[in-house]
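Colleague:
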Amino acid sequence: MRFQKNNYKKIKFGLGISQNAYLLGQNGQAEFWEKAKKESLTWSWAAGYIFVKLEGKYGTGSANTEFMNHTGNMGNVTANNTPDLYREVILDLPTTARVSASVNPSIHILADLNQYLSGETALNLSSTNDMAMGSNQHLVNVTNNLVKMFKVDHVHND
């Protein structure tokens with residue numbers, strides 16, 4: 265990504281696919297749809313993209329129960345009356361990123377996956393949500409937690 269010459273104090277990025285981008289349709293999304301499909305970030309049973317795919321095993325004592333949480337919008341959220349899980353993340357930079365003809369800074373962002381279940385809303389995996397797909401309330405809470413997982417560690421201005 266190229267930035268215009270300037271001094272930047274924040275960075276903003278999207279988690280997921282905005283409705284504006286989704287509503288362009290497969291033709292308007294160019295290669296993105298095909299790349300998402302190739303990486304198994306689409307559903308075969310519903311229109312839309314998977315933003316976050318968390319899979320594994322959990323359990324008390326030993327992790328032997330499988331879980332799959334696939335978070336994403338399933339199509340047009342207004343027409344389908346489903347929550348919009350697209351989120352914008354805005355992070356303050358600890359040091360100004362100075363972009364110029366000779367400086368192309370690197371911004372190092374850390375992600376704390378512990379926020380997945382232990383973030384703003386404490387969540388527990390159970391038989392009611394361990395196979396969650398789409399945009400149900402559990403996945404709304406997961407998305408809201410995941411937005412808080414990012415922080416800028418440092419900026420290199422060289």
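For the sequence shown, the working numbering gives the first residue as 265, with consecutive numbering after it.
The beta carbon of each residue, even a glycine, is placed where N, CA and C say it ideally should be.
Once the 5 residues before and after D417 are set aside, which same chain residues still bring their CB inside 6 Å of it?
Modeller: In the sequence shown, the residue the question calls residue 417 occupies position 153. Hits under 6 Å: H372 and L374.
Colleague: Report all residues from its chain with a CB closer than 8 Å to the CB of W297; omit the five preceding and five following residues, and keep chain order.
Modeller: Within the sequence shown, the letter at position 33 stands for residue 297. Cβ neighbours of W297 beyond the five flanking positions: Q290 and T306.
Colleague: Relative to the C-alpha of H420, which candidate in Q293, S370 and E303 has its C-alpha closest?
Modeller: On the sequence shown, residue 420 is found 156 positions in, with the first residue counted as 1. Relative to H420, the option among Q293, S370 and E303 whose CA is nearest is S370.
Colleague: When the distance is taken between beta carbons, is L357 closer than 8 Å to I275?
Modeller: Looking up residue 275 in the sequence shown gives position 11. Looking up residue 357 in the sequence shown gives position 93. Yes, Cβ-Cβ distance for I275 and L357 is below 8 Å.
Colleague: Is T360 near K269, with beta carbons less than 8 Å apart?
Modeller: Counted from its first residue, the sequence shown places residue 360 at position 96. Counted from its first residue, the sequence shown places residue 269 at position 5. No, these two residues do not count as a Cβ contact at 8 Å.
Colleague: Does the Cβ of G323 have 16 or more other Cβ atoms within 10 Å, making it buried, or fewer, making it exposed?
Modeller: For this step, residue 323 is matched to residue 59 along the sequence shown. By the 10 Å Cβ count, G323 comes out exposed.
Colleague: In the DSSP assignment, find the beta strand (DSSP E) that holds A361 and state where it starts and stops.
Modeller: Translated into the one-based positions of the sequence shown, residue 361 becomes position 97. If you look at A361, you'll find it in the beta strand (DSSP E) that goes R351 to V363.
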